[in-house]
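The block underneath contains the structure these notes are about, expressed in structure tokens.
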Amino acid sequence: MNNSLETEHVQCLIIGSGPAGYTAAIYAARADLKPVLYTGMEAGGQLTQTTDVDNFPGYPNGVMGPEMMEDFRKQAERFGTDIRFGYVSSVDFSSTPHRVVVDEIKTITADTVIISTGATAKWLGLPSEQKYNGFGVSACAVCDGFFFKGQDIAIVGAGDTAAEEATYLAKLCKKVYMLVRRDEFRASKAMVHRVLNTPNIEVIYNSEATEVLGNGKNVTGIKVLNNQTGAEQELAVEGFFVAIGHQPNTAIFKDWLDMDGTGYLKTIPGSTKTNVEGVFACGDVQDHYYRQAVTAAGSGCMAALDAERYLAAKEAV
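In the working numbering, the protein residues as written are 81 to 397.
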């Protein structure tokens, strides 16, 4: 743990921006907890990588992801949140107040810590995939499927999430090509049954996407390699969904907080409390099931209320 001379004490420290972090900040600031929020390296979180957001209540005409996050940030600042660009490099939750090191140089002690560091979608790593990200390439079927109504799309993945997203997309799209890298799914039997019984899903086994094709503006197709025969083919699609999982941003907490097998933080059901008193988690860092902006915002509200009540109970003693 860094023992830098520069130390600051805060009542409420929020780690991470995005809908969860900014909502927690709005509630914490209104409760006079004088929150300090560190944005992390991607201020605004995953939504800053998204174009149209059409499913967040209160935006009847939709909104661009970065614009929505700017609205969240301004609202948090309006109530007095101290928003800082920087990342938390290590934590020490062995005693109270909790100790957190920012940018490897500054130590902050905090009575309460709200973790909203989110999760990062796993990508295939193709340059063309990043080029068309937001222009036909997506990692969230529920967020973006609507834009591909009546079109042909492809999805890559073999687990439960991929199977669920493929069947969701099949309701909206004309044709869904599902690329499975091996000769079998990793998904549960029930989910595989659903996929195989959906007439407009075509499963292509032993296959990998090698390139996303486009016209400079939008996706027009993908190149697919059969990893058994070496044969290549092109599929004409207007959308390409990557459903190979998410990685929660929890590495710095692994010595301190309870996590599930894939690294998502565990919270006490019905709350945002972690196994460490005074440390709360909200948003995608503890939710691999819903993963929506609106549910992240809701849990951010819960985290701020949990933190406020925790501090009030301590003061009452």
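For every residue, glycine included, the Cβ atom is placed at its ideal position computed from N, Cα and C.
- Here C220 is not bridged, per DSSP, to any residue.
- By a beta-carbon distance limit of 8 Å, S196 does not contact G341. Their separation comes to about 22 Å.
- Put simply, of I94, V222, R261 and A376 the residue whose alpha carbon is nearest the alpha carbon of N135 is V222.
- K211 sits in a helix when the DSSP states are folded into three classes.
- The continuous alpha helix (DSSP H) containing I106 extends over residues G98 to R110.
- Counting only the Cα atoms, T375 lies some 23 Å from V217.
- Within a 10 Å sphere around the beta-carbon of D112 sit fewer than 16 other beta-carbons, which makes this residue exposed.
- In the structure shown, K114 adopts coil according to DSSP, grouped into three states.
- Annotation for S97: T119, A123, G124 and G125 place their beta carbon closer than 6 Å to its own, counting only its chain and skipping 5 residues before and after.
- Bridge partners of C92 according to DSSP: T192.
- By the neighbour-count criterion, in which a residue is buried when 16 or more other Cβ atoms sit within 10 angstroms of its Cβ, Q308 is exposed.
- Taking C-beta atoms as the reference points, V260 and N280 fail to come closer than 8 Å.
- Y370 and G198 have their C-alpha atoms spaced approximately 13 Å apart.
- By the Cβ test, the segment 88–102 is in contact with the segment 187–196, since at least three Cβ pairs between them sit closer than 8 Å.
- Residue state for E291 is assigned as strand, using DSSP reduced to three classes.
- By the Cβ-count criterion, A393 is exposed, with fewer than 16 other Cβ atoms from all chains shown falling within 10 Å of its own Cβ.
- Inter-residue distance for L345 and T330 is about 7 Å (C-alpha atoms, whole angstroms).
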